[in-house]
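Q: Below you will find the structure I want to go over with you.
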Ligand code: SF4
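Rendered as structure tokens:
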């Protein structure tokens, strides 16, 4: 580790104690950010962690909707988000206004939004879900028709696991669609012993070639299995850092080197430090929207 990093990390850790802060980082964050975090996980694990922490300040290292979700669950805490420009392009493929319009066309449908959505979209939804619990949430709702937003690929995958009638919003993750079925086919030939694990944000033809379809948290648990030593990993490549760190001696092959989410890489150690020094930028949500969005998130937490 470079001298610069050692000094930066020391400063971050000392300010973190001073501010009574906790650092939460998504599995796709830069390795250096994951390494200083108190907790690294997927969207569901991070929101559960935010909800139960005793810290007064949460430094959220991920993308904007995740920091918003932390504030929705913990309005009495300060949620620092070190780079306000780190949005999720998929979350921005739908607005509350467009969702209201679609709801008018489908009056019988219950709206389930993927956690990758803005607070305003969550506020217009009946329940929220993550890739880890989407099927359970949908099955647990008292409605036969579901409008699923904004990820069409996760929505399509879930539709193969439920008998409910599903209408899908045409959003997608620009990072996961870079993973192609040809990538999987070629890597399977090169690494015949490897298991193929993919995220449900991938295209349906990629999912069809996988041994397991898992959330990033699910991938981390799967990688610990004694009977698996090589994995072709179909998700954003930031997770490879954590997989290698937790499973020395095992081999992790990215399904595509191009599966990089630029927004997930915007938060750096310097920005974490500035944010703790300045106690800014802070993410907040209007109380009226927060309460409605929280009802959708609570519905998810009740089910899982
Ligand atoms: S990986 Fe995809 S879904 Fe996740 S933050 Fe980036 S664009 Fe959004």
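Numbering (this note's numbering), first residue to last: 11 to 314. We put the beta carbon where it would ideally sit given N, CA and C, even for glycine.
By Cβ distance, which residues of its chain are closer than 6 Å to residue 60, with the 5 residues on each side in sequence left out?
A: So the qualifying residues of the chain are 68, 80, 83, 84.
Q: Quick one: using the 10 Å Cβ neighbour count with 16 as the cut-off for buried, is residue 6 buried or exposed?
A: For the chain, the structure presents residues 11 to 314; residue 6 sits outside this window and is missing.
Q: Does the beta-carbon distance from residue 38 to residue 259 come in below 8 Å?
A: Their beta carbons are not under 8 Å apart, which means residue 38 does not touch residue 259 by this criterion.
Q: Taking C-alpha atoms, which residue in 292, 13, 15, 65 lies nearest to residue 29?
A: Of the candidates 292, 13, 15, 65, the one whose C-alpha sits nearest the C-alpha of residue 29 is 65.
Q: Is the closest heavy atom of ligand 1 to the C-beta of residue 185 under 7 Å?
A: At least one heavy atom of ligand 1 is nearer than 7 Å to the Cβ of residue 185, so yes.
Q: Please list, in chain order, all residues of the same chain as residue 193 whose beta carbon is under 7 Å from its beta carbon, the five residues on each side excluded.
A: 265, 266, listed in sequence order.
Q: Work out the CA separation of residue 200 and residue 304 for me, nearest whole Å.
A: Using only the alpha carbons, I get a separation of about 46 Å.
Q: For residue 207 versus residue 229, is the C-beta distance shorter than 8 Å?
A: Contact flag set, yes.
Q: What would DSSP say about residue 98, mapped onto helix, strand or coil?
A: In this structure, residue 98 counts as coil in the three-state DSSP scheme.
Q: Drop a sphere of 10 angstroms on the beta-carbon of residue 51, count the other beta-carbons inside from all chains shown, and report buried for 16 or more, exposed for fewer.
A: Per the 10 Å Cβ criterion, buried.
Q: For residue 218, is the classification buried or exposed, using 16 other Cβ atoms within 10 angstroms of its Cβ as the cut-off for buried?
A: With fewer than 16 Cβ atoms within 10 Å of its Cβ, residue 218 is classed as exposed.
Q: Buried or exposed, going by whether 16 or more other CB atoms sit within 10 Å of the CB of residue 214?
A: By the 10 Å Cβ count, residue 214 comes out exposed.
Q: Assign residue 227 to one of two classes, buried (16 or more other C-beta atoms within 10 Å of its C-beta) or exposed (fewer than that).
A: So residue 227 counts as buried.
Q: Can you tell me where the alpha helix (DSSP H) with residue 209 in it begins and where it stops?
A: First-last for residue 209: undefined, no H or E at that position.
Q: Taking DSSP's pairing of strands, which residues face residue 261 in a bridge?
A: Paired residues: 240.
Q: Alpha carbon to alpha carbon, how far is residue 155 from residue 173? Give it in angstroms, no decimals.
A: Cα-Cα distance, rounded: 10 Å.
Q: Under 6 Å Cβ to Cβ from residue 268, same chain only, skipping five residues before and after it: list those, please.
A: Correct list, in chain order: 188.
Q: Compute the Euclidean distance between the alpha carbons of residue 101 and residue 170, then round it to the nearest angstrom.
A: Looking at the two C-alpha atoms, the distance is approximately 23 Å.
Q: What did DSSP end up calling residue 289 once you bin it into helix, strand or coil?
A: Three-state DSSP puts residue 289 in coil, outside helix and strand.
Q: By how many angstroms is the C-alpha of residue 145 removed from the C-alpha of residue 216?
A: In a straight line, the C-alpha of residue 216 is about 19 Å away from that of residue 145.
Q: Quick one, are the C-beta atoms of residue 96 and residue 277 less than 8 Å apart?
A: Against a cut-off of 8 Å, the Cβ pair of residue 277 and residue 96 comes out as a contact.
Q: Can residue 38 be considered in contact with ligand 1, in the sense that its beta carbon sits closer than 7 Å to one or more heavy atoms?
A: Yes, ligand 1 has a heavy atom inside 7 Å of this Cβ.
Q: Give the straight-line distance between the Cα atoms of residue 109 and residue 245, rounded to the nearest whole angstrom.
A: Each residue's alpha carbon lies about 28 Å from the other.
Q: Take the Cβ of residue 41 as the centre, count every other Cβ of all protein chains shown within 10 Å, and call the residue buried at 16 or more, exposed below.
A: So residue 41 counts as exposed.
Q: Identify every run of the alpha helix (DSSP H) within the stretch 21-88, keeping only runs that are complete inside it and at least 4 residues long; order them along the chain.
A: 41-46, 53-62, 74-83, all fully within the stretch 21-88.
Q: Give a yes or no on whether the C-beta atoms belonging to residue 135 and residue 306 are separated by under 8 Å.
A: Yes, Cβ-Cβ distance for residue 135 and residue 306 is below 8 Å.
Q: In its own chain, which residues sit with a C-beta less than 8 Å from the C-beta of residue 253, not counting the 5 before and 5 after it?
A: Within the same chain, residue 253 has close Cβ partners 229, 230, 233, 241, 243, 260, 262.
Q: For the stretch 141-216, list the alpha helix (DSSP H) runs that are entirely contained and at least 4 residues long, ordered along the chain.
A: You should have 144-150, 162-169, 191-200.
Q: Between the beta-carbon of residue 14 and the beta-carbon of residue 129, is there less than 8 Å?
A: No, these two residues do not count as a Cβ contact at 8 Å.
Q: Thinking C-beta only, is residue 127 closer than 8 Å to residue 160?
A: Yes, these two residues count as a Cβ contact at 8 Å.
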